[in-house]
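Student: The structure is given below, and queries will be raised subsequently.
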Amino acid sequence: MIKSYGLILSLLRTLRMLRILRILEIVFRFTQVRIVFLALSRSVKLIFHVVLLTIVLNYFFALIALYLTQFGLNTTSNEHMKKINSLFGTVPRAFITVFRIFTKDEWYEIKMEMYSLQIRPFIIDLYVISWLFFGGYVLNPLLIGAMVGTFDETRKELTSRIKQIISETCLSLNDINLTKSPSSESSLSSLLVHVNSIDNDNDKFNEWLRITSDEIRLLVQDRIETQWPIYTAFYYLQLLEIYFENIAERQLLFDFISIYLLTLHDKETRQINPPILSSSSSSDDDN
Numbered sequence: 289m290i291k292s293y294g295l296i297l298s299l300l301r302t303l304r305m306l307r308i309l310r311i312l313e314i315v316f317r318f319t320q321v322r323i324v325f326l327a328l329s330r331s332v333k334l335i336f337h338v339v340l341l342t343i344v345l346n347y348f349f350a351l352i353a354l355y356l357t358q359f360g361l362n363t364t365s366n367e368h369m370k371k372i373n374s375l376f377g378t379v380p381r382a383f384i385t386v387f388r389i390f391t392k393d394e395w396y397e398i399k400m401e402m403y404s405l406q407i408r409p410f411i412i413d414l415y416v417i418s419w420l421f422f423g424g425y426v427l428n429p430l431l432i433g434a435m436v437g438t439f440d441e442t443r444k445e446l447t448s449r450i451k452q453i454i455s456e457t458c459l460s461l462n463d464i465n466l467t468k469s470p471s472s473e474s475s476l477s478s479l480l481v482h483v484n485s486i487d488n489d490n491d492k493f494n495e496w497l498r499i500t501s502d503e504i505r506l507l508v509q510d511r512i513e514t515q516w517p518i519y520t521a522f523y524y525l526q527l528l529e530i531y532f533e534n535i536a537e538r539q540l541l542f543d544f545i546s547i548y549l550l551t552l553h554d555k556e557t558r559q560i561n562p563p564i565l566s567s568s569s570s571s572d573d574d575n
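Using the working numbering, the letters of the sequence shown correspond one by one to residues 289 to 575.
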């Protein structure tokens, strides 16, 4: 029993260490970090192929180095033989040494050690330069290009998804506004009630316009350069467009209501006060 409780306690202690993973929740709230993790998860397959190609080429150049060292060890001294054997004695050692040349870790010292072999220096220079060329100008750009391409695709996908969400929200807002707008077949009384409510809200609207203009004036006076993300700027421009469209539609509604009320008032005055005929026209009728 005591041993079982001890195992349970040790297991619980190890599980408590998993609380460190809570930091990832904070990290994933940042968009750029999320893009990095998504790009890394999607580029695993492509990176695996690049790494496999690197291992194959490294093994190929390790075999070449092993052949060169075995060919030139016959006439070298014992001291140089020990150094060369520590670098290229077996296939794993040769593989690690060639990988050090690939990472440019003391590659010049390795090349100078290879000069002790009874081989022409031109062949050694050609071998080292060719491997450095393949490693620095072929394999590294392949790996970097795979990562950059995946990053760009992930960023474009996220921005397109955000734009789609913004467009869907704007469409839903427009549908709500259309359902709330009065129908064309509404009666005159409902129209007058609507006009009265607009007049009552006119003061609030003017106050809101005054506050907005003051805030805009202050923003123009104290300009602070900020860098917004592209989806935030796009959403802000869409809100500005909707705002100006609402102002224009409001002005058109005011003009339409004023013209309609004036025509209605003229019709009522004509019905109450009909036009008076002149005396000349009445005498002509008698004749």
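Where is the CB? At the ideal position from N, CA and C, for every residue including glycine.
All of these numbers come straight from a predicted model, not from anything done at the bench.
Quick check: the stretch 409-429 against the stretch 328-335, are at least 3 beta-carbon pairs closer than 8 Å?
Tutor: No, they do not touch.
Student: Quick one, which of 403, 356, 538 and 455 has its alpha-carbon nearest residue 525's?
Tutor: Considering only alpha carbons, the answer is 455.
Student: Does the stretch 410-419 come close enough to the stretch 345-360 that 3 or more CB-CB pairs lie under 8 Å?
Tutor: They touch, by the three-pair rule.
Student: State the Cα-Cα distance for the pair residue 501 and residue 543, rounded to the nearest angstrom.
Tutor: Taking the straight line from one Cα to the other gives about 23 Å.
Student: Do you know offhand how far residue 653's Cα is from residue 443's?
Tutor: Because the chain in this structure spans residues 289 to 575, residue 653 falls outside the shown range and cannot be described.
Student: May I ask you to report which of helix, strand or coil DSSP gives residue 554?
Tutor: Three-state result, residue 554: helix.
Student: Nearest by alpha-carbon distance to residue 421: which of 345, 523 and 546 is it?
Tutor: When each option's Cα is compared against that of residue 421, the closest is 345.
Student: Is the Cβ-Cβ distance between residue 330 and residue 447 less than 8 Å?
Tutor: Not a contact, by the Cβ cut-off of 8 Å.
Student: Starting from residue 416, trace the alpha helix (DSSP H) in both directions and tell me its first and last residue.
Tutor: Segment 409-422, the alpha helix (DSSP H) holding residue 416.
Student: Around the Cβ of residue 423, are there at least 16 other Cβ atoms within 10 angstroms (buried) or fewer (exposed)?
Tutor: With 16 or more other Cβ atoms within 10 Å, it is buried.
Student: Classify residue 496: buried if its beta carbon has 16 or more other beta carbons within 10 angstroms, exposed otherwise.
Tutor: Exposed.
Student: Residue 532: buried (16+ other C-beta within 10 angstroms of its C-beta) or exposed?
Tutor: Result: exposed.
Student: Please classify residue 357 as buried or exposed, where buried requires at least 16 neighbouring CB atoms within 10 angstroms.
Tutor: Flag for residue 357 reads buried.
Student: Could you name the residues of the same chain whose beta carbon sits closer than 7 Å to that of residue 368, not counting the 5 residues immediately before and after it, in chain order?
Tutor: Contacts found: 404.
Student: For residue 340 versus residue 379, is the C-beta distance shorter than 8 Å?
Tutor: No, the pair does not count as a contact, with Cβ atoms beyond the cut-off.
Student: To the nearest angstrom, how far is the alpha carbon of residue 386 from that of residue 300?
Tutor: So the two alpha carbons sit approximately 46 Å from each other.
Student: Just tell me which of 440, 539 and 450 has its CA closest to the CA of residue 323.
Tutor: Nearest C-alpha to residue 323: 440.
Student: Tell me which same chain residues have a C-beta within less than 7 Å of the C-beta of residue 434, skipping the five on either side of it?
Tutor: 331, 334, 335 and 338.
Student: Work out the CA separation of residue 431 and residue 391 for me, nearest whole Å.
Tutor: Taking the straight line from one Cα to the other gives about 14 Å.
Student: Can you say whether residue 343 is buried or exposed, counting buried as having 16 or more other CB atoms within 10 angstroms of its CB?
Tutor: Classification of residue 343: exposed, given that the 10 Å Cβ count is below 16.
Student: Classify residue 392 as helix, strand or coil using the three-state DSSP reduction.
Tutor: Of the three classes helix, strand and coil, the one that applies to residue 392 here is coil, per DSSP.
Student: Report yes if the C-beta distance between residue 401 and residue 372 is below 8 Å; otherwise report no.
Tutor: Going by C-beta atoms, residue 401 is nearer than 8 Å to residue 372.
Student: Compare the Cα-Cα distances from residue 449 to each of 375, 555, 494 and 522 and report the closest residue.
Tutor: Of the candidates 375, 555, 494 and 522, the one whose C-alpha sits nearest the C-alpha of residue 449 is 522.
Student: Would you decide whether residue 285 is buried or exposed? Buried here means 16 or more other CB atoms lie within 10 Å of its CB.
Tutor: Nothing about residue 285 can be read from this structure; the chain reaches only from 289 to 575.
Student: Alpha carbon to alpha carbon, how far is residue 298 from residue 305? Give it in angstroms, no decimals.
Tutor: Each residue's alpha carbon lies about 11 Å from the other.
Student: Which residues mark the beginning and the end of the alpha helix (DSSP H) in which residue 369 is found?
Tutor: Segment 366-376, the alpha helix (DSSP H) holding residue 369.
Student: Per DSSP, what kind of secondary structure is residue 403 in: helix, strand or coil?
Tutor: Residue 403 falls in the coil class under three-state DSSP.
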